[in-house]
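Residue numbers (the working numbering), protein chains in the order written: chain A, 423 to 703; chain B, 423 to 703. One structure is given here, and the rest of the page talks about it.
Number of protein chains: 2
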Amino acid sequence: MNTAKSTLVACCQLAPKIGDLAYNRSLTERAIRSAALRGAQVVVLPELVQSGYLFADRNEALALAETRDGPTLRLWQALARELNLVVVGGFCEHLGGDDLANSAALIDAQGVRAVYRKAHLWDAEKEIFTAGSEAPPVIETVHGRIGMLICYDLEFPEWVRLPALAGADLLCAPVNWPDGPRPQTERPAEVLRVQANASVNRLFIAACDRYGHERGVGWVQGSVIVDADGYPVAGPAEQGGEQILLATLNLAEARNKRISERNDLHRDRRPHLYGMDSSLD
Amino acid sequence: MNTAKSTLVACCQLAPKIGDLAYNRSLTERAIRSAALRGAQVVVLPELVQSGYLFADRNEALALAETRDGPTLRLWQALARELNLVVVGGFCEHLGGDDLANSAALIDAQGVRAVYRKAHLWDAEKEIFTAGSEAPPVIETVHGRIGMLICYDLEFPEWVRLPALAGADLLCAPVNWPDGPRPQTERPAEVLRVQANASVNRLFIAACDRYGHERGVGWVQGSVIVDADGYPVAGPAEQGGEQILLATLNLAEARNKRISERNDLHRDRRPHLYGMDSSLD
Numbered sequence: 423m424n425t426a427k428s429t430l431v432a433c434c435q436l437a438p439k440i441g442d443l444a445y446n447r448s449l450t451e452r453a454i455r456s457a458a459l460r461g462a463q464v465v466v467l468p469e470l471v472q473s474g475y476l477f478a479d480r481n482e483a484l485a486l487a488e489t490r491d492g493p494t495l496r497l498w499q500a501l502a503r504e505l506n507l508v509v510v511g512g513f514c515e516h517l518g519g520d521d522l523a524n525s526a527a528l529i530d531a532q533g534v535r536a537v538y539r540k541a542h543l544w545d546a547e548k549e550i551f552t553a554g555s556e557a558p559p560v561i562e563t564v565h566g567r568i569g570m571l572i573c574y575d576l577e578f579p580e581w582v583r584l585p586a587l588a589g590a591d592l593l594c595a596p597v598n599w600p601d602g603p604r605p606q607t608e609r610p611a612e613v614l615r616v617q618a619n620a621s622v623n624r625l626f627i628a629a630c631d632r633y634g635h636e637r638g639v640g641w642v643q644g645s646v647i648v649d650a651d652g653y654p655v656a657g658p659a660e661q662g663g664e665q666i667l668l669a670t671l672n673l674a675e676a677r678n679k680r681i682s683e684r685n686d687l688h689r690d691r692r693p694h695l696y697g698m699d700s701s702l703d
Numbered sequence: 423m424n425t426a427k428s429t430l431v432a433c434c435q436l437a438p439k440i441g442d443l444a445y446n447r448s449l450t451e452r453a454i455r456s457a458a459l460r461g462a463q464v465v466v467l468p469e470l471v472q473s474g475y476l477f478a479d480r481n482e483a484l485a486l487a488e489t490r491d492g493p494t495l496r497l498w499q500a501l502a503r504e505l506n507l508v509v510v511g512g513f514c515e516h517l518g519g520d521d522l523a524n525s526a527a528l529i530d531a532q533g534v535r536a537v538y539r540k541a542h543l544w545d546a547e548k549e550i551f552t553a554g555s556e557a558p559p560v561i562e563t564v565h566g567r568i569g570m571l572i573c574y575d576l577e578f579p580e581w582v583r584l585p586a587l588a589g590a591d592l593l594c595a596p597v598n599w600p601d602g603p604r605p606q607t608e609r610p611a612e613v614l615r616v617q618a619n620a621s622v623n624r625l626f627i628a629a630c631d632r633y634g635h636e637r638g639v640g641w642v643q644g645s646v647i648v649d650a651d652g653y654p655v656a657g658p659a660e661q662g663g664e665q666i667l668l669a670t671l672n673l674a675e676a677r678n679k680r681i682s683e684r685n686d687l688h689r690d691r692r693p694h695l696y697g698m699d700s701s702l703d
């Protein structure tokens with residue numbers, strides 16, 4: 423990785439329609455092309471943007487699920503190749519049999535580089551999905567090392583730590599943040615947690631939220647791209663509707679974990695005191 | 423603990439004078455009495471408020487250090503007994519021989535209940551102090567279970583997790599946050615990390631910063647008391663100088679880690695995937 427190189431990262435905050443796979447494919451194609459026209463090299467899409475989120479039941483989810491060879495990931499692969507960019511997006515994955523996962527794919531010009539399955543399931547997702555048990559992958563791309571995780575995973579700093587320790591420069595996080603009450607003048611805690619996760623690891627995070635009212639639920643619409651100190655460089659959108667956030671990042675900055683003459687955020691960890699296996703020391 | 427009880431918590435953002443032990447004792451006495459007059463039941467003081475922070479060298483720190491039987495902790499014990507409150511404050515601890523620790527004491531009407539030694543040392547502290555290796559203690563008080571940690575410890579979510587899992591309702595964090603550059607409109611990352619640590623554990627945190635220019639260093643002055651959802655209920659003070667922040671907290675709320683019908687922030691953890699010893703599962 424050229425240490426002076428900058429990378430243009432986009433979060434496409436979209437409003438998919440639950441159950442309308444063709445509409446959602448077309449929506450993501452328009453968003454990816456639009457981001458590419460503006461120079462984006464990494465494009466992040468929301469969680470479950472392929473299917474929508476609030477399934478009536480498991481059967482509905484099964485009917486909407488796709489494999490990694492399905493039409494949505496084939497489309498994203500064609501676009502990644504044609505436009506020479508990285509796409510990270512969420513989809514309802516058919517695992518085989520009746521098993522489903524809340525997944526995200528990282529796709530570049532080479533094809534599908536990794537599929538990640540959400541390990542921490544939110545509320546009714548527990549009735550529908552099998553939780554993943556594989557750590558968030560970290561993929562070497564032409565732009566740097568990119569990791570993925572999904573929504574509620576971000577509330578477990580131990581989980582975020584794994585791709586950070588594995589060398590991720592940028593974490594891409596497809597999310598669907600259901601809106602809820604909070605003090606009117608406060609930035610949503612969902613966004614704060616993204617900021618804190620970035621700052622304690624000195625890495626970049628691009629969290630892509632969704633828009634649209636779906637079966638009675640609204641969304642934070644809090645898409646945000648934060649720098650390695652944890653400060654937003656684009657967004658948070660906050661109630662901004664459908665939009666594309668763009669930020670130019672020097673991902674190489676994440677390789678330096680030093681924050682004072684004698685402090686390095688990763689080397690200062692004391693894993694044996696945290697009850698960690700020594701293999702992670 | 424009465425589940426409907428409320429507790430008045432104070433953070434006394436003070437400006438100790440480096441090396442002036444008598445002044446600092448008097449300063450903390452005035453602050454504790456003032457907080458008590460306003461009804462405070464738990465009073466948090468800054469890190470190293472007994473001595474000041476920026477020691478010229480190890481010898482200066484040694485000359486200023488006290489044991490838990492020293493005049494500062496004796497004063498705080500007398501005040502805690504007289505005013506019937508909990509004091510959490512930082513001091514330069516003489517461990518015996520030439521060894522020093524950056525410590526915090528939790529004192530109530532019963533006396534010194536616990537001394538905690540900072541486990542993650544910041545910059546030149548590494549030349550002066552021995553890092554603690556004992557997990558942050560959690561003390562059962564008449565107001566609920568109170569834990570302690572110190573400043574840079576807060577940048578290690580795995581460390582904050584230990585007292586949280588041990589049942590802390592409130593974490594008291596004496597801090598000295600050196601000021602640094604950040605985007606002008608942004609809340610300091612130090613404060614954000616407090617908020618995020620509270621929200622991922624559903625517990626209260628009272629972080630008490632300091633004021634005053636000391637040997638060329640200024641401070642964030644970001645004292646803050648946050649609720650179990652991670653939102654500030656007092657502060658952040660932000661450049662507010664010397665002051666006492668007060669917040670009424672229903673600490674019992676921290677006993678409930680549920681955040682949706684099917685989600686519990688602690689039970690949803692998957693420690694075996696994080697590389698944790700199973701004893702912490």
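We put the beta carbon where it would ideally sit given N, CA and C, even for glycine.
Alpha carbon to alpha carbon, how far is residue j from residue i? Give it in angstroms, no decimals.
i         : j         : result
ALA380(A) : PHE513(A) : What is shown of chain A runs 423 to 703, which leaves residue 380(A) out entirely.
HIS565(A) : ASP442(A) : 33 Å
ASP703(A) : ASP690(A) : Residue placement at ASP703(A) cannot be trusted, given a pLDDT of 41 that sits under 50; the coordinates are not used to answer.
GLN499(A) : PRO468(B) : 54 Å
PRO658(B) : PRO658(A) : 20 Å
SER428(B) : GLU612(A) : 27 Å
ALA588(B) : ARG535(A) : 40 Å
GLN606(A) : PRO654(B) : 12 Å
PRO438(A) : TYR538(A) : 21 Å
PHE477(A) : HIS635(A) : 13 Å
SER555(B) : ARG637(B) : 30 Å
ARG397(B) : PRO610(B) : The structure shown does not extend to residue 397(B), since chain B spans only 423 to 703, so no value can be given for it.
CYS434(A) : GLN665(A) : 6 Å
MET423(A) : VAL582(B) : Only weak support exists for where MET423(A) lies, its pLDDT of 46 falling under 50; the value from the coordinates is given anyway. Spanning the two alpha carbons is a distance of roughly 34 Å.
LEU695(A) : GLU608(A) : 34 Å
ARG503(B) : GLY697(B) : 44 Å
ARG692(A) : GLU549(B) : 18 Å
THR563(A) : LEU592(A) : 11 Å
ASN685(B) : GLY461(B) : 36 Å
SER678(A) : LEU584(A) : Note on identity: in this sequence residue 678(A) is Asn, with Ser being the wrong assignment. Distance between the alpha carbons of ASN678(A) and LEU584(A): 17 Å.
GLY602(B) : VAL471(B) : 21 Å
VAL648(A) : LEU671(A) : 9 Å
GLY492(B) : GLU577(A) : 42 Å
Excluding the 5 residues preceding and the 5 following residue i in the sequence, name in chain order all residues of the same chain whose CB lies nearer than 8 Å to its CB.
i         : result
ILE681(B) : ARG624, LEU687
ASP521(B) : THR552
SER701(B) : The predicted position of SER701(B) is uncertain, since its pLDDT is 49 and thus under 50; a value taken from the coordinates is nonetheless stated next. Correct list: empty, nothing qualifies.
LEU497(B) : ARG447, THR450, GLU451
ILE440(A) : SER473, GLY474, TYR475, LEU476, PHE477, GLU636, ARG637
ALA453(A) : CYS434, LEU436, VAL465, LEU467, ILE666
Compare the beta carbon distance of residue i and residue j with 8 Å and say whether it is the shorter of the two.
i         : j         : result
GLN463(B) : LEU430(B) : yes
GLN617(B) : GLY652(B) : yes
LEU614(B) : LEU614(A) : yes
ALA669(B) : ALA656(B) : yes
GLU515(A) : THR489(A) : yes
VAL622(A) : PRO579(B) : yes
PHE626(B) : LEU673(B) : yes
ALA650(A) : ALA620(A) : yes
Would you mind working out which of the options sits nearest residue i, comparing C-alpha positions?
i         : options                                    : result
ASP575(B) : GLY492(B), ASN598(B), ASN672(B), ALA541(B) : ALA541(B)
LEU501(A) : HIS694(A), GLY474(A), GLY533(A)            : GLY533(A)
ASP545(B) : SER621(B), CYS433(B), ASP479(B)            : ASP479(B)
LEU517(B) : LEU484(B), PRO579(B), ASN446(B), GLU549(B) : LEU484(B)
ALA432(B) : LEU459(B), TYR445(B), SER448(B)            : LEU459(B)
ALA557(A) : ALA586(A), ILE550(A), THR563(A)            : ALA586(A)
LEU444(B) : ILE454(B), GLU577(B), LEU486(B), GLU482(B) : It should be pointed out that residue 444(B) corresponds to Ala in this sequence rather than to Leu. ALA444(B) has its Cα closest to that of LEU486(B), out of ILE454(B), GLU577(B), LEU486(B), GLU482(B).
GLU482(B) : ILE454(B), LEU543(B), GLY492(B), GLU547(B) : GLU547(B)
LEU731(B) : PRO559(B), GLY519(B), CYS573(B)            : Missing from the structure shown is residue 731(B); chain B here goes from 423 to 703 and no further.
Using a Cβ-Cβ cut-off of 7 Å (strictly less than) and excluding sequence neighbours within five positions of residue i, which residues of its own chain qualify?
i         : result
GLU660(A) : GLN643, GLY644
ALA457(B) : ALA432, CYS434, VAL465, ILE666
Could you tell me which chain E residues have their CB closer than 8 Å to the CB of residue i, listed as they occur along the chain?
i         : result
SER682(B) : Any reference to chain E falls outside this structure, whose protein chains are A and B.
Can you name, in chain order, every residue of its own chain whose Cβ lies under 6 Å from the Cβ of residue i, other than the five neighbours on each side?
i         : result
ILE561(B) : LEU528, ARG535, ALA536, ILE568
GLY663(B) : TYR633
Report whether the distance from the Cβ of residue i to the nearest heavy atom of the ligand ATP is below 7 Å.
i         : result
ASN481(B) : Although the ligand ATP was asked about, the structure shown includes no ligands whatsoever.
Is the region 524-534 of chain A in contact with the region 497-512 of chain A, if contact means three or more CB pairs nearer than 8 Å? yes
Within the chosen definition, does the region 621-638 of chain A reach the region 590-600 of chain A through at least 3 CB pairs nearer than 8 Å? yes
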